[in-house]
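Participant:
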Amino acid sequence: MQKLPPHQYALIKALGTGPADTSVESLAAIAGTDQALISAAAVELSREGLVSVTELPYREVTLGELGQEIQHGMAHLPERLIAEVLISLGGSAGMKELGEHDRLKEHGVQPGKYARVLVDHGWATFDRGTLSLLADYCDHEPPASDAEALMVAIQIAGGSLVLDAASDERHNRGADFLKGRRELVNVRERSRRSVELTDGGRRLAEGIASGAVSELVEVNELTPEMLADGSWRSVEFRRYDVSLGADRVHPGKTHPLMRVIDKVRLAYLELGFSEAGCEMAETAFWDFDCLFQPQDHPAREMQDTFYLKQPRSYELPEDSGLVDRIRRTHEDGGDTGSKGWRYTWSAERAAQVVLRTHMTASSIRAVSRHPQAPHKVFSIGRVFRRETVDNTHLPEFHQVDGIIIDEHASLATLMGTLGKFYERLGIRDIKLKPAFFPYTEPSVEVHIKWGDTWMEMGGAGVFRPEVTQPFGVKYPVLAWGLGVERLAMAYYGVRVIKDLYRSDLGWLASVPLES
């Protein structure tokens, strides 16, 4: 016995009844199934030569906003209104005279916009700025146009009319005429699929009627119950063609930059660090002064740092002893053995509020809370600087900062830690160059390979005694601050840092999810 898949069986059976309407919509109603299934079955059977499929074009026409107002007597067809005004003016008038006519102004009709429409209707002529009705229409209105006849037909049909090759020719001409005038009607081009049996299809339909052809009942999945009772032996399992293409799915994903931040966080946690944080708005005391950065340093100027207007200042730490030690360190070196910066330190300047310029402000707070060794802390957050925007600089970016307090800490320890960190992120080409920073000595710049060149990632070094001794730290403190956006650029092959923040859906969808 021959068997057909369910939707093919339903289509052949429906066509076998000899329906007058063989459209997919009608056949789906006869079969009692979904149009999409019948349409798919028609395509499959047409490939096998069992049915023929014909695409029949048609148009769906509905009234536009002005068309609906005309339907309810709230407005007039613009060209009809102009014709009525021309009759009242003796059948002819210039554009200026028509434009100033009270009736046209009342309805907002611009004669210049519709002069050509009257000519196309065959109602008037237009010559040298003068619109003249044809002689037959100078004393009475022109007959209803094809466009007006169509609008009446739409109204009678309840607001929507379907036109095809068999429809009233006048209505089709009206649709052609009004196709570009959406304020009157909306014309949508559609197509209807019609299905007919071929000789082979008719033999199948006869087989269905006689019982020689039956419906193939397929099972989509093998269940535990089927295995237990053995019913799997008597059913047909649906075949799946795994070579067929499938729709590309772009599910929601974490932003690539956020993924890099998560990787950085995980790398430090795996290296035994704990995470700390601080507020985006920080006092200059923690952002600059505690790091032995003099109050007249260029980095503290308004062209480099964002100072808040409200609040302009905030109270210094309650530990007056700490504040005094910081003051003395700046002025004469205090108990550090340094000569300091040799100026009068200002508590007022130290109390100014800034948007943090580096995450080292978080690190020095961590030192103040836990000056004992051993201690390893990192922090990740946004920092703000008045940078000139270019391929690798932004005024707002993410930075990861870290410190190690340890009795045996050294520059070699720092270099090894940075190497292990980047290695965990899959980056092995790393280079350290000697550098100068106000609060570390010795200091290095960190560079990683970026295409054919090297890109600076940030700075690192050993905190100077002027930074650590005011907090009572007795051992070396290693510190570093590294840019996260630049790391993301290297990670994803981005050449311009701004591209990380653009809503390029194509790029966001194409960036793979890493394990």
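For the sequence shown, the positions run 27 to 541 when our numbering is used.
Think of the CB as a built atom: it goes at the ideal place given N, C-alpha and C, for glycine as much as any other residue.
Using DSSP's beta-bridge definition, name the partner residues of Gly-487.
Facilitator: The count along the sequence shown starts at 1 and reaches residue 487 at position 461. Looking at the DSSP assignment, Gly-487 forms a beta bridge with Ser-469 and Ala-505.
Participant: Going along the chain, which unbroken runs of the beta strand (DSSP E) with 3 or more residues stay wholly within the segment 63-118?
Facilitator: Fully enclosed beta strand (DSSP E) runs of 3 or longer: 77-89.
Participant: Measure how close the beta-carbons of Val-22 and Leu-508 come, nearest whole angstrom, since I'm counting them as under 8 Å.
Facilitator: This structure cannot speak to residue 22, because the chain is shown only from 27 to 541.
Participant: Just mark Thr-48 as buried or exposed, buried being the case when its beta carbon has 16 or more other beta carbons within 10 Å.
Facilitator: On the sequence shown, residue 48 is found 22 positions in, with the first residue counted as 1. Classification of Thr-48: buried, given that the 10 Å Cβ count is 16 or more.
Participant: Please return the same chain residues whose Cβ sits closer than 8 Å to the Cβ of His-424, not counting the five positions on each side in sequence.
Facilitator: Residue numbering aside, residue 424 sits at position 398 when the sequence shown is read from its first letter. Here the set comprises Leu-283, Ile-287, Ile-406, Gly-407, Arg-408, Val-409, Gly-509, Val-510 and Glu-511.
Participant: Are the CB atoms of Leu-210 and His-197 nearer to each other than 9 Å?
Facilitator: Residue mapping note: residue 210 aligns to position 184 of the sequence shown, counting from 1. Residue mapping note: residue 197 aligns to position 171 of the sequence shown, counting from 1. No.
Participant: With Val-379 and Arg-338 assumed to form a contact (beta carbons below 8 Å), what rounded beta-carbon distance in angstroms separates them?
Facilitator: Counted from its first residue, the sequence shown places residue 379 at position 353. Counted from its first residue, the sequence shown places residue 338 at position 312. So it is a contact: roughly 6 Å between Cβ atoms.
Participant: For the pair the segment 94-113 and the segment 130-142, tell me if three or more CB-CB distances fall below 8 Å.
Facilitator: Yes, since at least three Cβ pairs between the segment 94-113 and the segment 130-142 fall closer than 8 Å, the two stretches touch.
Participant: So, does the segment 391-407 touch the segment 361-373, judging by three or more C-beta pairs under 8 Å?
Facilitator: They do not touch, by the three-pair rule.
Participant: Go ahead and pull the three-state DSSP assignment for Thr-43.
Facilitator: Here residue 43 refers to the residue found at position 17 when the sequence shown is read from its first residue. Of the three classes helix, strand and coil, the one that applies to Thr-43 here is coil, per DSSP.
Participant: With distances taken Cα to Cα, identify the nearest neighbour of Leu-451 among Asp-315, Leu-297 and Gly-485.
Facilitator: For the purposes of this step, residue 451 is taken as residue 425 along the sequence shown, with counting starting at 1. Minimum Cα distance to Leu-451 is reached at Leu-297.
Participant: If we call anything under 9 Å between Cβ atoms a contact, is Pro-400 one with Asp-432?
Facilitator: Counted from its first residue, the sequence shown places residue 400 at position 374. Counted from its first residue, the sequence shown places residue 432 at position 406. Contact: yes.
Participant: Would you give the residue range spanned by the alpha helix (DSSP H) that Gly-200 belongs to?
Facilitator: By 1-based counting over the sequence shown, the position of residue 200 is 174. Residues 195-204.
Participant: What did DSSP end up calling Gly-428 once you bin it into helix, strand or coil?
Facilitator: Residue numbering aside, residue 428 sits at position 402 when the sequence shown is read from its first letter. Of the three classes helix, strand and coil, the one that applies to Gly-428 here is strand, per DSSP.
Participant: On the DSSP bridge assignment, give the partners of Gln-378 in chain order.
Facilitator: By 1-based counting over the sequence shown, the position of residue 378 is 352. According to DSSP, which records beta bridges pairwise, Gln-378 is partnered with Ser-339.
Participant: Should Ala-109 and Leu-63 be called a contact, given that it needs their Cβ atoms to be closer than 9 Å?
Facilitator: Within the sequence shown, residue 109 is the residue found at index 83, counting from 1. Within the sequence shown, residue 63 is the residue found at index 37, counting from 1. Taking 9 Å as the Cβ cut-off, Ala-109 and Leu-63 do not qualify as a contacting pair.
Participant: Over the uninterrupted beta strand (DSSP E) stretch that includes Pro-460, give me the two end residues.
Facilitator: Against the sequence shown, residue 460 aligns to sequence position 434. Run containing Pro-460: 456-463, per the beta strand (DSSP E) assignment.
Participant: By DSSP, does Met-481 sit in helix, in strand, or in coil?
Facilitator: On the sequence shown, position 455 is the one that residue 481 refers to. Correct three-state label for Met-481: strand.
Participant: Using only CA atoms, which one of Ala-516, Glu-449, Ala-377 and Arg-199 lies nearest to Gln-336?
Facilitator: Here residue 336 corresponds to residue number 310 of the sequence shown, with the count starting at 1. That would be Ala-377, whose Cα lies nearest to the Cα of Gln-336.
Participant: Could you say if the segment 214-233 and the segment 28-41 meet the contact criterion of at least three C-beta pairs nearer than 8 Å?
Facilitator: In short, these stretches touch, since the Cβ pair count reaches three.
Participant: Use the C-beta contact count for Tyr-527: other C-beta atoms within 10 angstroms, 16 or more gives buried, fewer gives exposed.
Facilitator: Your numbering for residue 527 matches position 501 in the sequence shown. With fewer than 16 other Cβ atoms within 10 Å, it is exposed.
Participant: So, are the CB atoms of Asp-330 and Arg-412 less than 9 Å apart?
Facilitator: Your numbering for residue 330 matches position 304 in the sequence shown. Your numbering for residue 412 matches position 386 in the sequence shown. Yes, the pair counts as a contact, with Cβ atoms nearer than the cut-off.
Participant: Suppose you measure from the CA of Gly-117 to the CA of Thr-88; what does that come to, to the nearest Å?
Facilitator: In the sequence shown, residue 117 corresponds to position 91, counting from 1. In the sequence shown, residue 88 corresponds to position 62, counting from 1. Rounded to whole angstroms, Gly-117 to Thr-88 spans 33 Å at the Cα level.
Participant: Within 10 angstroms of the Cβ of Asp-190, are there 16 or more other Cβ atoms? Answer buried if so, exposed if not.
Facilitator: Taking the sequence shown and counting its residues from 1, one reaches residue 190 at position 164. Under this definition Asp-190 is an exposed residue.
Participant: Buried or exposed: where does Glu-251 fall if 16 or more other Cβ atoms within 10 Å of its Cβ makes it buried?
Facilitator: The residue you call residue 251 lines up with position 225 of the sequence shown. It counts as exposed.
Participant: So the candidates are Tyr-84, Leu-458, Val-50 and Glu-86; which of them puts its Cα closest to the Cα of Val-69?
Facilitator: Working through the sequence shown from its first residue, we reach residue 69 at position 43. Selected option, being the one with the closest Cα: Val-50.
Participant: Can you tell me whether Lys-29 is helix, strand or coil according to DSSP?
Facilitator: Position 3 of the sequence shown, counting from 1, holds the residue named residue 29. In the structure shown, Lys-29 sits in a strand (DSSP, three-state: E or B).
Participant: Between Ser-269, Pro-277 and Glu-247, which has its C-alpha nearest Phe-263's C-alpha?
Facilitator: In the sequence shown, counting from the first residue as 1, residue 263 sits at position 237. The option with the nearest alpha carbon to Phe-263 is Glu-247.
Participant: If you measure between the beta carbons of Pro-320 and Pro-464, is that distance less than 9 Å?
Facilitator: Taking the first residue of the sequence shown as position 1, residue 320 is located at position 294. Taking the first residue of the sequence shown as position 1, residue 464 is located at position 438. In this structure, Pro-464 lies closer than 9 Å to Pro-320 by Cβ.
Participant: On the criterion of 16 or more Cβ atoms from any shown chain inside 10 Å, does Phe-462 qualify as buried, or is it exposed?
Facilitator: On the sequence shown, residue 462 is found 436 positions in, with the first residue counted as 1. Result: exposed.
Participant: Could you check the C-alpha separation between Val-275 and Asp-322 for me, to the nearest Å?
Facilitator: Residue 275 sits at position 249 when you count from the first residue of the sequence shown. Residue 322 sits at position 296 when you count from the first residue of the sequence shown. Going from the Cα of Val-275 to the Cα of Asp-322 covers about 56 Å.
Participant: Looking at Leu-440: is its Cβ nearer than 9 Å to the Cβ of Val-403?
Facilitator: On the sequence shown, position 414 is the one that residue 440 refers to. On the sequence shown, position 377 is the one that residue 403 refers to. Contact flag unset, no.
Participant: Please list the terminal residues of the continuous alpha helix (DSSP H) segment that includes Val-510.
Facilitator: Taking the first residue of the sequence shown as position 1, residue 510 is located at position 484. Its alpha helix (DSSP H) spans residues 510-518.
Participant: Do Glu-174 and Gly-148 have their beta-carbon atoms positioned less than 9 Å apart in this structure?
Facilitator: Here residue 148 is taken as the residue at index 122 of the sequence shown, counted from 1. Here residue 174 is taken as the residue at index 148 of the sequence shown, counted from 1. No, the pair does not count as a contact, with Cβ atoms beyond the cut-off.
Participant: What does Val-188 pair with, by DSSP beta-bridge criteria?
Facilitator: Your numbering for residue 188 matches position 162 in the sequence shown. Paired residues: Glu-86.
Participant: Alpha carbons only, please: which of Arg-207, Leu-112 and Lys-205 is nearest the one belonging to His-166?
Facilitator: Translated into positions along the sequence shown, residue 166 becomes position 140. That would be Leu-112, whose Cα lies nearest to the Cα of His-166.
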